[in-house]
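Visitor: I have a structure I would like to understand better, so I am pasting it below and will then ask my questions one at a time.
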Amino acid sequence: MNSRASAVLPREVELADRLLLHSGGAFPTGHGLDVVVVPEPLAHDALDALGRHPLDPVGAVATLPGGWAFFVPSLSDDPGWPEPVRYLSDGSTITLPPPGTLAAHDARWIRWHPCGRVFTAPLLLQLALHALGSRILTS
Numbered sequence: 002m003n004s005r006a007s008a009v010l011p012r013e014v015e016l017a018d019r020l021l022l023h024s025g026g027a028f029p030t031g032h033g034l035d036v037v038v039v040p041e042p043l044a045h046d047a048l049d050a051l052g053r054h055p056l057d058p059v060g061a062v063a064t065l066p067g068g069w070a071f072f073v074p075s076l077s078d079d080p081g082w083p084e085p086v087r088y089l090s091d092g093s094t095i096t097l098p099p100p101g102t103l104a105a106h107d108a109r110w111i112r113w114h115p116c117g118r119v120f121t122a123p124l125l126l127q128l129a130l131h132a133l134g135s136r137i138l139t140s
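In structure tokens form, the structure reads like this:
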């Protein structure tokens, strides 16, 4: 977890328990916790940009086939996410890596601590992805 202190809300504790329960297996999205899947190069840049924010807005992040998974509150799909980002809500399932997975594994946690923040601030993530995506498209 980042060295900056972050307040963890009771709802996030419940959601962290869900992540821990499903670690290493299938995780149904929705029910308070949706997933934004971002292609790896763009996700890496977004994580770097948001990591410098004083409010520490990044929660749990895991690798998935096709990108990195940022966990956001349900109903964070409006306004829309930029292409090629995928938004997963009710009815979707992802496979979570086991807790403490090493970097050498394909599926691993980029960032997560069972007692830490679960959610990434969706509007800040959207802003970062829009800014980074337009920069990538114009270069």
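Letter 120 of the sequence shown, counting from 1, is numbered 121 in my numbering, and no numbers are missing. Note that CB positions come from ideal geometry on N, CA and C, so glycine has one too.
#1: For threonine 94, which residues in the same chain have their Cβ closer than 8 Å to its Cβ, ignoring the five residues on either side in sequence?
#2: Going by DSSP, what residues sit across from proline 34 in a beta bridge?
#3: Tell me the DSSP secondary structure of valine 14 in three-state form.
#4: Would you check if the distance between the CB atom of leucine 130 and the CB atom of tryptophan 82 is smaller than 8 Å?
#5: Ends of the beta strand (DSSP E) at alanine 63?
Guide: Checking against the coordinates, here is how it stands:
#1: If we look at threonine 94 and ignore the five residues flanking it on each side, its Cβ neighbours are Ala27, Phe28, Pro29 and Thr30.
#2: The sequence given here has leucine at residue 34, not proline. Answer by DSSP bridge pairing, in chain order: Gly31 and Pro74.
#3: Valine 14: helix per DSSP, three-state reduction.
#4: Going by beta carbons, leucine 130 and tryptophan 82 fall inside the 8 Å limit.
#5: Its beta strand (DSSP E) spans residues 62–65.
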